[in-house]
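In the numbering used here, the protein residues as written are 92 to 256. One structure is given here, and the rest of the page talks about it.
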């Protein structure tokens, strides 16, 4: 049983979460790049989110390209492997976000590279906490959208198994 491609409604329902996730990944990567360049070394604490953003963006683009290829020149993963990859991506994004959330000093200091005594300036601390909060708020939808894509891939897998019997 062939998996759906672009003109079919099922393919559109699979393109939408990947498109939204790709947009959130681009914003997350831009925010992490900004944080790495604002002057007080805060970007190192966001390295996990930076990696997670690029990983999820790669998965999103690969699946969007496969879904949009009407002539079926681009091979797609089998549904089982795609479901596992999407679930792994959602888990990786959450784990890296939580790990870098702990490293970023969101609950305590200003950041990991500057001693707390040098970081008492209120504006700097608020800016660092704002960047951490915004980047964390972007990571959650990325993970949820990949979890939804995983569910859709499991549905494809179940439908292909029914078609074999």
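Glycine included, each C-beta is placed from N, C-alpha and C at the ideal position. Since the structure is predicted, the reported quantities are computational estimates derived from the model, not experimental observations.
Minimum C-alpha distance to residue i - residue among the options
i: residue 123; options: 141, 101 and 116; result: 141
i: residue 146; options: 109, 161 and 239; result: 109
i: residue 180; options: 95, 246 and 240; result: 240
i: residue 154; options: 233, 105 and 138; result: 105
i: residue 161; options: 237, 243 and 98; result: 98
i: residue 177; options: 235, 101, 96 and 114; result: 235
i: residue 225; options: 148, 242 and 125; result: 125
i: residue 148; options: 129, 159 and 116; result: 116
i: residue 164; options: 242, 237, 245 and 96; result: 96
i: residue 152; options: 245, 238 and 114; result: 114
i: residue 175; options: 238, 189 and 143; result: 238
i: residue 143; options: 244, 189, 245 and 243; result: 189
i: residue 191; options: 139, 242 and 159; result: 139
i: residue 159; options: 112, 127 and 107; result: 107
Range of the contiguous alpha helix (DSSP H) that encloses residue i
i: residue 108; result: 100-128
i: residue 150; result: 138-159
Buried/exposed call for residue i, threshold 16 Cβ in 10 Å
i: residue 222; result: buried
i: residue 150; result: buried
i: residue 166; result: exposed
i: residue 233; result: buried
i: residue 228; result: exposed
i: residue 157; result: buried
i: residue 254; result: exposed
i: residue 230; result: buried
i: residue 198; result: Unreliable positioning characterises residue 198 in this predicted model, as indicated by a pLDDT of 47, which lies under 50. The coordinate reading is nonetheless provided below. Result: exposed.
Three or more C-beta pairs below 8 Å linking the stretch 111-122 and the stretch 164-171 | no
Decide if the stretch 184-193 is in contact with the stretch 244-253; the criterion is three or more beta carbon pairs, one per stretch, under 8 Å apart.
-> no
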